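Mind the numbering: the sequence shown is residues 0 to 420 in numbering that gives the first Met the number 0, read in order.
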Amino acid sequence: MVTVRVVEPEDLPVLWAMAVLPHIGATADPSAPIPLPTSCSAPEQFPDLADPFSTILGVGGDFFVAEADGHLVGMAGFRPTSHPARVEVLHVRVHPALRRRGIGRELMAAVETGAASRGFKETWLDTATNMPVAMSFYEGLGYIEVSRETRPEWRWTLVYYVKQLRPAMDRTLAYTRSNRRSWNTIAPARPSQPPEFFRRGGSTLDDFEADLLPELSGKRMLHLACANGGDSISWALRGASVTGVDISDVAIESASTLARETAADARFVAADVYEMPAELRDFDVIYASWGVVCWLPDLDRWAQIIVDRLRSGGTFLLCEHHPMWEVLGVRPDGVEVTVDYFGRGQPTEQTYDQAKRPTGSTPETQFDAFVWPVSDVVMSLMRAGLQVEEFFEAPAPEMYEGLADAANRVPAIYVIKARKD
C-alpha cells in the first residue's frame, strides 16, 4: 500500500538520491533496488533540496513523499512563483521499479490539492520532448501545453504546461458556460455588416485602433472574443492573418461564413478563452475590444493566457469600455451609481441598465458580468509579464445619453497597448 505524506527531515538522504533518478517519464526498471541507496548531500543541480523546509515549505510551498512498505518511493512538491495565482511543480520522481502503478498520480493529486487549499489557482510545470511518456502523463492529468522553448545548446525542447486547479476553474467555467448559452441565444439578433461592406473596403475598426497597429502585413493576430467576426475581417484586410476566438458557437459560424464570402485571411474557432486549444500560440499580435473584460471571472488567468499565447516581442492591444461607464446609470433626475466599481470578480446580472447589456438581449436573458477597476486590468497584465507601452482614457459622449456636455468630462473608454519582451 502506498501512502502520501508531507516530507520530514529524516527523509532527506533518500530524497537526495531520488532527485537524480530519471524523470517520471522514463522507462520503468523493475531491477532497481528498494530501498534506494541514500546520499549524504543534495545534488549540486538541485540546491533547493538541501533544505526544502526553507526553500520550498518556508516560502509558502509544500513537499510530499510517497511511502510503500516503509520505504520512500516517490516525491513531488510545489512552490509559489512571482505570479500570485500560480505555483511551480517541483521534483516529480517515482522509483523506477514502481512506475505505472499510479504513484505519480497520487503525488500530483497531493500537489494540486495542497496548492488549491492555499488559494492558488493554477499549477505550472515543464518537461521536455525527449520524455514523451512524461508529456503523455501530464496531459492525461489535464495539463495544457502553452509554450515551448529551444536553445542551440540543447538537444531537446522544453515544453511548458499549465493546469487550472479545480475550485477556481469550476467557478470560472460555471460562469462562462452559463454565459455561452445566452450568447448563443442572442447571436442571430446581433448586428453585423454584410460581405459587400468589406469587399468595398469597409472597416468596423475605429481610426485610432488602426493607428495603434499600423504594420500588420504578414503578422499573425489572435482576436479574443471576436463575436461575429467583423473586426477580425477588418484586421485581415489590413494585412494580418487572423484567428478569431469566441465562446459562442453561433457567432463563430456566422464569422466563418463572412470570412468565406469576403475571401479574407481569417479563420474562427469556437472556444472559451480559458480553454483555448494549445496550438493557438506564438502570435505576433493579440487583440481584444469593446466588451471583453466585463465577462472575465478571473482576470489574472486571462492576462497569463495572453502572455502564454504571444511570441517574444509580440503586442497586446485592448480597446475597452471604461468600468466607470458600467457603474454609472443616467436617470431623469441625475446620475446613479448602480454597481460597485471595486466589485472585482463578484458577478452582477446586468439587469440594472438595459443600455449596458449585450445588443440583442432582452431583460429575460441571463448574463453574469464583472466590474474590474482599470488599475486591476493594468496590474494583471504587468504581473503576467507584459510591458505597458501606451495607456489612455477618453470620453465618448454618445455612451452617456442624457448627460449632455457633462459626458465630455467622464471617461467612457480606455486603451492599453503592451509588449511581451
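Here a beta-carbon is modelled for each residue, glycine too, at the ideal position from N, C-alpha and C.
Note that the structure is predicted; figures quoted are calculated from it, not measured.
Test item: CB-CB of residue i and residue j under 9 Å
{"i": "M130", "j": "L106", "result": "no"}
{"i": "A411", "j": "M275", "result": "no"}
{"i": "V272", "j": "T175", "result": "yes"}
{"i": "F369", "j": "W294", "result": "yes"}
{"i": "H90", "j": "F45", "result": "yes"}
{"i": "V306", "j": "K162", "result": "no"}
{"i": "T242", "j": "F207", "result": "no"}
{"i": "G344", "j": "P394", "result": "no"}
{"i": "R308", "j": "R330", "result": "no"}
{"i": "L327", "j": "Y399", "result": "yes"}
{"i": "L20", "j": "L71", "result": "no"}
Among the options, the one whose alpha carbon lies nearest that of residue i
{"i": "A277", "options": "G60, Y160, R408 and A41", "result": "Y160"}
{"i": "I84", "options": "W123, I102, P396 and E152", "result": "Sequence check: residue 84 is Ala here, not Ile. When only C-alpha atoms are compared, the closest one is W123."}
{"i": "L211", "options": "V414, I304, V3 and V6", "result": "V414"}
{"i": "H222", "options": "W234, S216 and P213", "result": "W234"}
{"i": "G217", "options": "W153, R237, E388 and N183", "result": "R237"}
{"i": "V291", "options": "A383, W182 and V132", "result": "W182"}
{"i": "I251", "options": "P187, G103, L35 and D299", "result": "P187"}
{"i": "S247", "options": "R408, R310 and G228", "result": "G228"}
{"i": "E87", "options": "H94, R78, V93 and Q365", "result": "R78"}
{"i": "V132", "options": "V145, G103, A114 and S116", "result": "G103"}
{"i": "F470", "options": "E319, I143 and H94", "result": "With the chain covering only 0 through 420, there is no way to say anything about residue 470."}
{"i": "Q428", "options": "P166, A258 and T184", "result": "Residue 428 cannot be examined here, being either before or after the span of the chain that is shown, 0 to 420."}
{"i": "R300", "options": "T358, R170 and D230", "result": "R170"}
{"i": "R198", "options": "S374, I304, A262 and V373", "result": "A262"}
{"i": "V93", "options": "W371, I33, D404 and S231", "result": "I33"}
{"i": "S146", "options": "A173, S116, G401 and R310", "result": "R310"}
{"i": "A96", "options": "G401, A31 and R117", "result": "A31"}
{"i": "G76", "options": "H82, D68 and V5", "result": "V5"}
Straight-line Cα distance separating residue j from residue i
{"i": "E260", "j": "P194", "result": "6 Å"}
{"i": "T128", "j": "G60", "result": "27 Å"}
{"i": "E111", "j": "S255", "result": "39 Å"}
{"i": "S240", "j": "G141", "result": "30 Å"}
{"i": "Y351", "j": "T149", "result": "Residue placement at Y351 is poorly supported in this model, since its pLDDT is 49, which falls under 50; the coordinates are not used for a value here."}
{"i": "E9", "j": "D50", "result": "12 Å"}
{"i": "A226", "j": "R189", "result": "9 Å"}
{"i": "E43", "j": "L11", "result": "14 Å"}
{"i": "R219", "j": "D264", "result": "10 Å"}
{"i": "A302", "j": "C39", "result": "44 Å"}
{"i": "G201", "j": "W155", "result": "47 Å"}
{"i": "D125", "j": "R179", "result": "32 Å"}
{"i": "V334", "j": "M378", "result": "29 Å"}
{"i": "G57", "j": "V338", "result": "40 Å"}
{"i": "F136", "j": "F62", "result": "20 Å"}
{"i": "R99", "j": "A18", "result": "18 Å"}
{"i": "E325", "j": "R408", "result": "16 Å"}
{"i": "L164", "j": "W15", "result": "29 Å"}
{"i": "A224", "j": "E392", "result": "21 Å"}
{"i": "M168", "j": "W289", "result": "25 Å"}
{"i": "V158", "j": "F282", "result": "17 Å"}
{"i": "E7", "j": "L48", "result": "12 Å"}
{"i": "S253", "j": "D245", "result": "11 Å"}
{"i": "E138", "j": "E144", "result": "8 Å"}
{"i": "V13", "j": "E66", "result": "11 Å"}
{"i": "E388", "j": "P213", "result": "15 Å"}
{"i": "P372", "j": "A383", "result": "17 Å"}
{"i": "E121", "j": "V336", "result": "35 Å"}
{"i": "T80", "j": "R117", "result": "13 Å"}
DSSP-derived helix/strand/coil call for residue i
{"i": "W153", "result": "coil"}
{"i": "T203", "result": "coil"}
{"i": "V132", "result": "helix"}
{"i": "M74", "result": "strand"}
{"i": "M378", "result": "helix"}
{"i": "V6", "result": "coil"}
{"i": "A417", "result": "strand"}
{"i": "R99", "result": "coil"}
{"i": "V93", "result": "strand"}
{"i": "W371", "result": "coil"}
{"i": "P32", "result": "coil"}
{"i": "E195", "result": "helix"}
{"i": "T37", "result": "coil"}
{"i": "G24", "result": "Unreliable positioning characterises G24 in this predicted model, as indicated by a pLDDT of 49, which lies under 50. The coordinate reading is nonetheless provided below. G24 falls in the coil class under three-state DSSP."}
{"i": "Y351", "result": "Below a pLDDT of 50, predicted positions are generally treated as unreliable, and Y351, at 49, falls in that range; no measurement from the model is reported."}
{"i": "F63", "result": "strand"}
{"i": "T358", "result": "coil"}
{"i": "R266", "result": "strand"}
{"i": "E87", "result": "strand"}
{"i": "A127", "result": "strand"}
Contact test: residue i Cβ vs the ligand FMN heavy atom, cutoff 8 Å
{"i": "R330", "result": "The ligand content of the structure shown is nil, which means the ligand FMN is not present either."}
Proximity test, Cβ basis, 9 Å: residue i and chain C
{"i": "D367", "result": "The question asks about chain C, but that chain is absent: this structure has only one protein chain."}
Item to check | In chain order, each alpha helix (DSSP H) run of at least 4 residues that lies wholly inside the stretch 278-342 | outcome: 298-308 and 322-326
Item to check | Sequence ranges, alpha helix (DSSP H) only - wholly within the stretch 139-192, length at least 4 | outcome: 165-185
Next on the checklist: In chain order, what are the residue ranges of uninterrupted beta strand (DSSP E) at least 3 long that sit wholly in the stretch 201-253?
Outcome noted: 219-223 and 240-245
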